[in-house]
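Line order of the protein sequences matches chains B and Y. Just so it is clear: in the first sequence, position 132 is 140 by our numbering, and no numbers are missing. Just so it is clear: in the second sequence, position 151 is 159 by our numbering, and no numbers are missing. Yeah, the Cβ is synthetic: ideal placement off N, Cα and C, and Gly gets one too. Here is the structure we will look at.
2 protein chains.
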Amino acid sequence: MREDTRARIQEIALRLFTEQGYEATSLREIAEELGVTKAALYYHFKTKDDIVASLADLRVAELEELLQWARSSPKTPEMRRELLERYAERLKQARYLEVTRFLERNQTALRDHPNISRMRETMLALTSEMSPPDATPTERISHSLALFALHAGKWLTQQGDLTEEEISKATMEVALRLLEP
Amino acid sequence: MREDTRARIQEIALRLFTEQGYEATSLREIAEELGVTKAALYYHFKTKDDIVASLADLRVAELEELLQWARSSPKTPEMRRELLERYAERLKQARYLEVTRFLERNQTALRDHPNISRMRETMLALTSEMSPPDATPTERISHSLALFALHAGKWLTQQGDLTEEEISKATMEVALRLLEP
DNA sequence: GTCTATAGGCGGATAGAC
DNA sequence: GTCTATCCGCCTATAGAC
């Protein structure tokens with residue numbers, strides 16, 4: 009039953025930051041929910057920003073790994089399809105999805121955070137790997153959008169009575185179609 | 009040269025909220041930039057939230073007008089194409105685009121704001137007008153994404169050396185293609 | 001309409017005991 | 001590792017003069 013306190017802080021912080029926003033969530037709230045005092049948090053993390061950094065690290069590492077793979081692979085349509093599938097694979101992991109949501113929703117508040125800038129750059133580099141060098145503007149937009157389409161499925165969940173399976177399958181179909189000529 | 013102070017507050021607040029985030033922006037900053045004291049702001053707006061409400065009103069009204077138009081129109085593919093074009097038209101107006109950006113980037117911080125909930129619902133209703141009742145899940149996702157595609161162009165601006173004209177044209181092409189069977 | 005002054009609270013962060 | 005106690009600054013908001 010005894011869990012690493014550090015991990016529990018990350019867990020609670022991630023949830024609250026995502027639900028309420030980073031600035032709107034105080035260390036007091038996190039501590040209260042954990043059942044300790046604010047001061048205890050400072051044993052595990054030097055600052056509030058440090059908690060964010062530890063959360064972002066996870067995703068930055070995965071994104072950079074993905075980018076490295078893309079760059080070292082032949083620039084073919086098949087590679088781009090596989091990049092899409094690998095990205096979708098990551099999004100399926102609950103923990104990773106939560107972090108992604110948190111970062112999506114708090115872009116502005118975290119704009120000066122070093123990890124965030126790095127993530128944005130990596131994400132941009134990733135979208136540019138989705139198009140061949142000679143692509144038209146339309147192709148470029150379409151291929152980049154394919155990546156974001158995978159996120160979109162999550163926002164549109166409320167819509168109708170689709171199951172998660174249906175949505176994720178449909179979303180991938182749409183994304184793949186955005187890659188077609 | 010004398011401009012309505014109320015309007016200038018909205019203008020400055022909108023910019024700072026968008027750049028730094030809602031929570032991260034204090035009334036002191038807004039007042040300083042305007043060249044008055046905090047207290048003066050309270051003559052024009054009852055609370056900080058009131059400033060947000062006044063900003064959101066603008067967009068909520070336009071979205072609801074759009075929804076009303078869609079609902080009172082025949083449910084044809086042509087209508088959906090026109091809805092897309094009308095939406096794109098709105099996004100072209102600088103003032104409207106700024107408000108949209110602000111709301112996009114501060115969703116979490118403003119999640120309890122009445123206008124924001126209403127906006128989210130309207131936006132969702134709008135996406136559901138994009139699909140016929142008998143649409144498959146894939147069509148539903150694809151058509152909804154068409155609407156968001158128009159936003160995406162703005163995020164991907166940094167990419168390459170495309171002009172604003174090229175991006176907006178390419179984005180619309182991609183969006184229209186998402187509506188095709 | 002705008003000011004000065006101030007109330008009252010909560011924020012992040014630290015010192016030092018246990 | 002966690003606590004109590006505390007610092008200090010900034011925040012929103014209000015009262016009341018001009």
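- For residue 46 of chain B, the enclosing alpha helix (DSSP H) starts and ends at 46-52.
- Annotated three-state conformation of residue 131 of chain Y is helix, per DSSP.
- Contact with chain Y is found for residue 145 of chain B, since one of that chain's Cβ atoms lies less than 8 Å from the residue's Cβ.
- The three-state reading of DSSP puts residue 119 of chain B in coil, since its state is none of H, G, I, E or B.
- When CB distances to chain Y are screened at a threshold of 7 Å, the residues of the stretch 87-121 of chain B falling below it are 113, 114, 115, 116 and 117, in chain order.
- At a Cβ-Cβ threshold of 8 Å, residue 29 of chain B and residue 117 of chain Y count as neighbours.
- For the stretch 146-160 of chain B, the beta-carbon criterion of a distance under 8 Å to any beta-carbon of chain Y is satisfied by 146, 148, 149, 150, 152, 153, 156, 157 and 160.
- Interface residue (Cβ-Cβ distance to chain B less than 8 Å): residue 182 of chain Y is classified as such.
- Listed along the chain, the chain B residues whose CB falls inside 7 Å of the CB of residue 29 of chain Y are 31, 116 and 117.
- By a beta-carbon distance limit of 8 Å, residue 74 of chain Y contacts residue 134 of chain Y. Their separation comes to about 6 Å.
- For residue 111 of chain Y, the enclosing alpha helix (DSSP H) covers residues 102-113.
- Taking 8 Å as the cut-off, the Cβ atoms of residue 70 of chain Y and residue 103 of chain Y do not count as close.
- A contact is defined here as three or more CB-CB pairs under 8 Å, and the stretch 153-161 of chain B meets this definition with respect to the stretch 177-185 of chain B.
- The beta carbon of residue 147 of chain Y is closer than 7 Å to those of 139 in its chain, skipping five residues each way along the sequence.
- Close CB contacts of residue 21 of chain B within its chain, under the 6 Å cut and outside five residues either way in sequence, are with 38 and 59 (chain order).
- Sequence-distant partners of residue 61 of chain Y (beyond 5 residues in either direction) whose C-beta falls short of 6 Å from its own C-beta, in its chain, are 123.
- The beta carbon of residue 59 of chain Y does not come within 8 Å of any beta carbon belonging to chain B, so the residue lies off that interface.
- If you draw a 10 Å sphere on the C-beta of residue 47 of chain B, you find fewer than 16 other C-beta atoms in it, and that means exposed.
- Taking a Cβ-Cβ cut-off of 8 Å, the neighbours of residue 175 of chain B in chain Y comprise 145 and 149, given in sequence order.
- Under the Cβ criterion of 8 Å, residue 179 of chain Y is counted among the residues facing chain B.
- Taking all protein chains in view, the Cβ of residue 95 of chain B is crowded by 16 or more other Cβ atoms within 10 Å, so the residue is classified as buried.
- Among the residues of the stretch 128-139 of chain Y, those with a Cβ less than 7 Å away from any Cβ of chain B are 132, 135 and 136, in the order of the chain.
- Membership of residue 145 of chain B in the alpha helix (DSSP H) is indicated by the continuous run 145-163.
- Contact with chain B is absent for residue 63 of chain Y, since none of that chain's Cβ atoms lies less than 8 Å from the residue's Cβ.
- Judged by beta-carbon spacing, residue 78 of chain B lies within the 8 Å limit of residue 137 of chain B, meaning their Cβ atoms are closer than that value.
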